[in-house]
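Chemist: The following block contains the structure, expressed as structure tokens.
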DNA sequence: GGTTACATGTAACTAGTTACATGATTAG
DNA sequence: CTAATCATGTAACTAGTTACATGTAACC
């Protein structure tokens, strides 16, 4: 569940979103999709714990980045046609979730917690924009270390053709990812050569004086 | 659970094994390990359903292939030292599981069932030695098709640096696997050029006159 | 007027983890 | 004799799926 929490908070740290939209973004981000039977209970849990706040979005769509972000174009079109949207139709539609300060703190904790699992790393890296550069380098180096360790363990050589081929694939895949990591780590070190001064957060997360629940 | 069933039966189709040994082989085969809290209940279930039979291995170790296969060397050493092993010590130790004919039929079903999931493919391919060459080629081609489909879907280009890098990694990984599949498929076609006569099973799975469910 | 996509949720079930409990055998 | 590893299992809990239930809005 920490994995779902992580993915959800990672997306909400960028901008407020509603459940259905979160589901879509998770689907295209990672492999496979979250079932609604997992998603909505998870969001309710995050709400209860105070990591997010909810608001019904009958009229105001969440402040969008681009005018055609997913399903959010609908309201725009309706407004253009002059159809009354905020009118006396209560239509309890979308519920928009906004991350809170405790939520950001929890996210930070989940992002800096070392993980051996492949999927957890992917989820962490997807939200790496919410880490400082040094934290991000730590994340990448920890991953590289984990992959090296996985490659290092000597398996008794496989008698079966297919099992041995499968191991080849896994080894190749891990080696390729280490190379990918090396490039990323190098890129992190290159951007803004750190004078003794370290880490001026390069992606400010939207709010300045955020209110806490 | 079908995944565990598949992995377990795949190993047992090679030779009878006990739970602990199965656990070890699974650990070195795929990534990560099965917990005993999942393993033993699964074996009990397979037993109840008649897919495996059990026998207490107080004296006779399962007919081994090599004299030093894993923990099985222990009995050999003891026999050499003349220590009485089968003696009046009931020592309810290892429980050896042997696959049955219904079990093989079930395994065959699990192996030929098309799967989109990455881990299911890995488990299927690990037991590919128990398929005919044509079935195996089907398995590989289905996987290739699934990967191509995954690559084909156009994602709206990612604004975030890290998410976009993550997608690169996934794409590279899928492309590398397709190449790997191509080699394997070519190799399958090369071995024993099929005259009009197709599929003389090159790895007979222990029995000759197998019954079909 | 029907199909598709949007949107949120619940209930029953399935699968798996962690922690516990127990004990045998082997190597130093 | 003691630690590590072998070996099997159970109970409580956690996480997730599938199927159901309901309704709106957009497109053709």
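Chains as they are written, first to last, in my numbering: chain A, 75 to 287; chain B, 75 to 287. Backbone N, C-alpha and C define an ideal beta-carbon position, used for all residues, glycine too.
Are the CB atoms of residue 185 of chain A and residue 201 of chain A nearer to each other than 8 Å?
Modeler: yes
Chemist: Rounded to whole angstroms, what's the CA-CA distance from residue 338 of chain A to residue 217 of chain B? Just pull it up for me.
Modeler: Summary: the structure shown does not reach residue 338 of chain A, with chain A confined to residues 75 through 287, and so no result is reported for it.
Chemist: Which of helix, strand or coil does DSSP assign to residue 123 of chain A?
Modeler: coil
Chemist: Quick one: measure Cβ to Cβ for residue 85 of chain B and residue 77 of chain B, integer angstroms, because I've assumed they're closer than 8 Å.
Modeler: Contact flag wrong, Cβ pair sits at about 13 Å.
Chemist: As a quick exercise: from B:247, B:258 and B:242, pick the residue whose alpha carbon is nearest that of residue 258 of chain A.
Modeler: B:242
Chemist: Go ahead and pull the three-state DSSP assignment for residue 92 of chain A.
Modeler: strand
Chemist: Against residue 246 of chain B, what residues of chain A qualify as contacts under a CB-to-CB distance less than 8 Å, listed in chain order?
Modeler: 250 and 254
Chemist: By the three-class DSSP mapping on this structure, what secondary structure does residue 170 of chain B have?
Modeler: strand
Chemist: Please classify residue 208 of chain B as buried or exposed, where buried requires at least 16 neighbouring CB atoms within 10 angstroms.
Modeler: exposed
Chemist: Here's the rule: buried if 16 or more other CB atoms are within 10 angstroms of the residue's CB, otherwise exposed. What is residue 225 of chain B?
Modeler: exposed
Chemist: Taking any Cβ of chain B, which residues in the stretch 198–217 of chain A have a Cβ under 7 Å from it, in chain order?
Modeler: 199, 200, 202 and 203
Chemist: Rounded to the nearest angstrom, what separates residue 247 of chain B and residue 234 of chain A at their Cα positions?
Modeler: 24 Å
Chemist: Assuming the contact rule is C-beta atoms closer than 8 Å, residue 108 of chain B and residue 100 of chain B should be a hit. Round their C-beta distance to whole Å, please.
Modeler: 5 Å
Chemist: Distance, Cα to Cα, residue 170 of chain A vs residue 236 of chain A?
Modeler: 49 Å
Chemist: To the nearest angstrom, report how far apart residue 222 of chain A and residue 193 of chain B are at their CA atoms.
Modeler: 21 Å
Chemist: Since residue 176 of chain A is in the alpha helix (DSSP H), which residue starts that stretch and which ends it?
Modeler: 175–186
Chemist: If you follow the alpha helix (DSSP H) that residue 256 of chain B is in, where does it begin and where does it stop?
Modeler: Run containing residue 256 of chain B: 235–264, per the alpha helix (DSSP H) assignment.
Chemist: Per DSSP, what kind of secondary structure is residue 128 of chain A in: helix, strand or coil?
Modeler: strand
Chemist: Hey, residue 96 of chain B and residue 125 of chain B are a contact pair by Cβ (cut 8 Å); roughly how many whole angstroms apart?
Modeler: Not confirmed; about 14 Å, so no contact.
Chemist: Taking residue 168 of chain A and residue 131 of chain A to be in contact with their CB atoms under 8 Å, please state how far apart those CB atoms are, rounded to whole angstroms.
Modeler: 5 Å
Chemist: Does residue 191 of chain B come out as helix, strand or coil in the three-state DSSP assignment?
Modeler: coil
Chemist: Output needed for residue 174 of chain B: all residues of its chain with C-beta closer than 8 Å, excluding positions within five of it in sequence on either side, in chain order.
Modeler: 124, 125, 126 and 127
Chemist: Which two residues bound the contiguous alpha helix (DSSP H) that contains residue 232 of chain B?
Modeler: Taken as a continuous stretch (DSSP letters only), residue 232 of chain B belongs to no alpha helix (DSSP H), as it is neither H nor E.
Chemist: May I ask you to list, following chain order, the residues of the stretch 214–241 of chain B that have a beta carbon less than 9 Å from some beta carbon of chain A?
Modeler: 224, 227, 229, 230, 232, 233, 234, 235, 236, 237, 239, 240 and 241
Chemist: With a threshold of 8 Å between beta carbons, is residue 112 of chain B in contact with chain A?
Modeler: no
Chemist: Nearest-angstrom Cα distance between residue 88 of chain A and residue 229 of chain B?
Modeler: 19 Å
Chemist: Under 8 Å between the Cβ atoms of residue 199 of chain B and residue 213 of chain B?
Modeler: yes
Chemist: If residue 172 of chain B sits next to residue 129 of chain B, beta carbons under 8 Å apart, how far is it from one beta carbon to the other, in whole angstroms?
Modeler: 7 Å
Chemist: Just to confirm my understanding: we take residue 249 of chain A, look at its own chain, exclude 5 residues before and 5 after, and list those with CB closer than 8 Å. What are they?
Modeler: Cβ-Cβ distances below 8 Å link residue 249 of chain A to 225 in the same chain, with the five nearest sequence neighbours on each side left out; the list follows chain order.
Chemist: Would residue 196 of chain B count as contacting chain A if we go by Cβ distances under 8 Å?
Modeler: yes
Chemist: Along the chain, where does the alpha helix (DSSP H) containing residue 81 of chain A start, and where does it finish?
Modeler: For residue 81 of chain A, the enclosing alpha helix (DSSP H) begins and ends at 76–86.
Chemist: CA-CA distance, residue 219 of chain A and residue 122 of chain B?
Modeler: Roughly 43 Å separates the two Cα atoms.
Chemist: Just to confirm, is the Cβ distance from residue 262 of chain A to residue 210 of chain A under 8 Å?
Modeler: yes
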